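Per the numbering used here, residue -11 is the first one in the sequence shown, and the count goes up by one each step.
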Amino acid sequence: MGLETNKLSSLWKDRAVIEINVAVLHSFQKQNVTIMDHHSAAESFMKYMQNEYRLRGGCPADWVWLVPPISGSITPVFHQEMLNYVLTPFYYYQVDAWKTHVWHDEKRRPKKREIKFRVLAKAAFFASTLMRKTMAARTKATVIYATETGKSETLANNLCALFNCAFNTKVLCMDEYKLSDLEKETLLLVVTSTFGNGDSPGNGKKLKNALFTLKKLSKKFRYAVFGLGSTMYPEFCAFAHAIDQKLAQLGASPLTQTGEGDELNGQEEAFRSWAVNAFKTACETFDIRGKNSIQLPKVYTSNETWNPKNYRIAHDSQTLDLSKALGNIHAKDVIPMKLKFRQNLQSLKSSRVTILLKLSCETNQEVHYLPGEHVGIFPGNQPELVSGIIEYVKDAPPTDQTIRLETCNDGGYWTSDKKIPPCTLSQALTYFLDVTTPPSQHLLKKFSQLATEEGDKHRLEVLCHSSEEYNKWKFFNSPTILEVLKEFPSTQVSTSFLLTQLPLLKPRYYSISSSRDMTPKEIHLTVAVVNYRTRDGQGPLHHGVCSTWLNTIDLKETVPCFVRSASGFQLPKDPATPCILIGPGTGIAPLRSFWQQRLYDLEKKGTVGITPMRSPVPPGTPFIQKCQLHDAVFTNLTYKQHVIHPHSSATWGAEGGRGRA
């Protein structure tokens, strides 16, 4: 019909409904079947109403039922005042007799079987006793997890459900686990991610510090460890391997090899495979009765192929609260900051871009942080990337239409999916879904189901089954989802496919470059804007998701973020303690927060320790006044140890044996 469905002002909905009515009337008339249009029906009622008023002085009518839903305002009944009342005699709809029947003889009323509370309580107590005895007879197992994003917690709960099929299993977060309970364990299962440079997540630090001080265990037990991480970072699953090595050093026996889940390549599939293997090994090790007939939970047995019948898209009218939605998805206390200031710190001659950002909190929320801590930013994908993907979606809804994803459960009932909140497709692809990370082999397998051309299907199947071919393709192209759709154009993706199969867009972490005492209700960041070309420099230009977003959004735009503590990288509590700040390259960013804090302490408290700067720049350069500092830091090929060595005596003298470096 050539209607402009991408904007409501074209009135495409009205035109479509009119055409449908015309088509229905035409089809009935063509088959010589009597049918009346709503205009004729309205005229007929008006004549009937006039006759009733003339003969009887009135006519009861229900305006809501008489006005047609289409073109109602141009029919005469729309402007006719009506009074709805009942004339007797009148036929009423009878209520179900069995709901209103009054028993005149109570003896004949069917009596419900009464169960006394005492009997019910005894039955419940007996059932719970049987369950307790059954669980007590089982081998005990404990699942502990540490997480930043909530992924490890989800997998730990799935692991607990699996081991509950044969063991008496409980699940705890690492910060809830008592180290003294380690001596009581029979089977310990650990699921943890790795944060930063091989560190533990925030809720795993307490247990890590306590565990690594132990020398040996008086009781030996079995254990298994699964680590989550990304091969994009050098310290892949480092914390999980550190836990494994420490438990083995203490004398515990591994149940199976440490599992690794790469978020870039089939993390959940790797976990399921490891979990089932660990469960079967545990059943063999502890000689579980009936181990060969245990029915595993559905999550470990279901087929992972894409089935569009399990999902549908419904329209919604909710308004998206981005910060609240991100907080619910990632389990973070998200603060909606505003971009107050942005400045390029590089010189005009430099090909690089390094920006200083000032984020301001304009709500009543408190912004608590210490110098040296990190801020997590929830970025948005580039509009060109999002619009390009939408062009390939076969059932893309209108641009401004809020949609809701619904899933069909085992009972055939449709429920709202919690992964993505109600929003437009554009908002989902911009703020919630990762469209820049190369798809995993598991996702490519699902893409192969949607490809209609044999060439595309065959190539996708090769990539999803051959790790060698996949790795060559991924590292050479580093493709975004849009580039994958362009490479395999016959792949017909749907809205529900994108919402359910694409991974979530994760926050990006940056060191805070400001002191809260000096700039209250503000967070400053020093960000290097990332741009690179794939295919050995000959491919398309790729942009860093967060750095590019921060460099292109308008001032006063909302930047959802949260603060993450960094207890191992802070100034001494005593401001009189001397510090030496060493800025290796981009590591200069957090040092700005340190010297701001020392300046504040100097102004307000009067006495602070010496804070000499050691960086690859000429001595005497005014660090605070000159933005050219960043050019020197990012371009000079001077190693920090070469700068420190000539000043070793001064360094030791400044520290006096009690400072920090």
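Quick reminder that beta carbons are idealized off the backbone N, C-alpha and C, glycines included.
These numbers were taken from a predicted model, which means no experiment stands behind them.
C-beta contact flag for residue i and residue j at 8 Å
| i | j | result |
| --- | --- | --- |
| N519 | L529 | yes |
| E7 | S(-2) | no |
| L205 | L170 | yes |
| A226 | G186 | yes |
| A212 | T180 | no |
| T425 | P491 | yes |
| Y299 | T488 | yes |
| P189 | T135 | yes |
| L347 | C549 | yes |
| V65 | M24 | no |
| N465 | G527 | yes |
| G381 | S478 | It should be pointed out that residue 381 corresponds to Val in this sequence rather than to Gly. No, Cβ-Cβ distance for V381 and S478 is not below 8 Å. |
| L327 | V547 | yes |
| F582 | L590 | no |
| K593 | P560 | no |
| A228 | L175 | no |
| L308 | P409 | yes |
| A240 | F267 | no |
| L451 | Q429 | yes |
| T390 | D304 | yes |
| E361 | R552 | yes |
| K234 | L284 | no |
| V515 | Y498 | yes |
| F654 | F463 | Beyond the ends of the chain as shown, which are -11 and 649, falls residue 654; an answer cannot be given. |
DSSP three-state assignment for residue i, whether helix, strand or coil
| i | result |
| --- | --- |
| M123 | helix |
| G608 | Residue confidence is low: G608 scores 36 on pLDDT, short of 50, so the model does not pin down where it sits. Its coordinate-derived value is still stated next. Looking at G608 - three-state DSSP - the assignment turns out to be coil, as it is neither helix nor strand. |
| K628 | Note that K628 has pLDDT 44, beneath the 50 cutoff, so the model's placement of it is unreliable and the number below is only indicative. Helix, per DSSP. |
| N316 | helix |
| Y288 | helix |
| H453 | helix |
| A439 | strand |
| W53 | helix |
| P242 | strand |
| A11 | helix |
| M(-11) | coil |
| D2 | helix |
| K46 | Sequence check: residue 46 is Gly here, not Lys. Coil. |
| L160 | strand |
| S218 | coil |
| Y41 | helix |
| H430 | helix |
| Q306 | coil |
Buried or exposed (CB count within 10 angstroms, at least 16 for buried), residue i
| i | result |
| --- | --- |
| M220 | exposed |
| L75 | exposed |
| E248 | buried |
| D84 | exposed |
| V12 | exposed |
| P48 | exposed |
| I231 | buried |
| G368 | buried |
| S414 | buried |
| H92 | exposed |
| W294 | buried |
| R580 | buried |
| M162 | buried |
| T246 | buried |
| F366 | buried |
| K207 | exposed |
| T609 | Interpretation of T609 is limited by its pLDDT of 34, a score under 50 that renders its predicted location unreliable; no figure is taken from the coordinates. |
Residue i versus residue j: straight-line alpha-carbon distance, rounded
| i | j | result |
| --- | --- | --- |
| Q306 | A154 | 44 Å |
| G215 | A4 | 54 Å |
| P427 | G400 | 31 Å |
| I576 | Q334 | 14 Å |
| S503 | G376 | 41 Å |
| R101 | N397 | 34 Å |
| Y588 | E164 | 38 Å |
| H446 | T440 | 10 Å |
| L432 | L448 | 6 Å |
| T157 | L143 | 14 Å |
| A112 | G532 | 59 Å |
| C271 | V178 | 17 Å |
| N316 | F78 | 55 Å |
| K1 | T137 | 42 Å |
Touch test, the stretch 438 to 456 against the stretch 355 to 369, Cβ-Cβ under 8 Å, three pairs minimum: no
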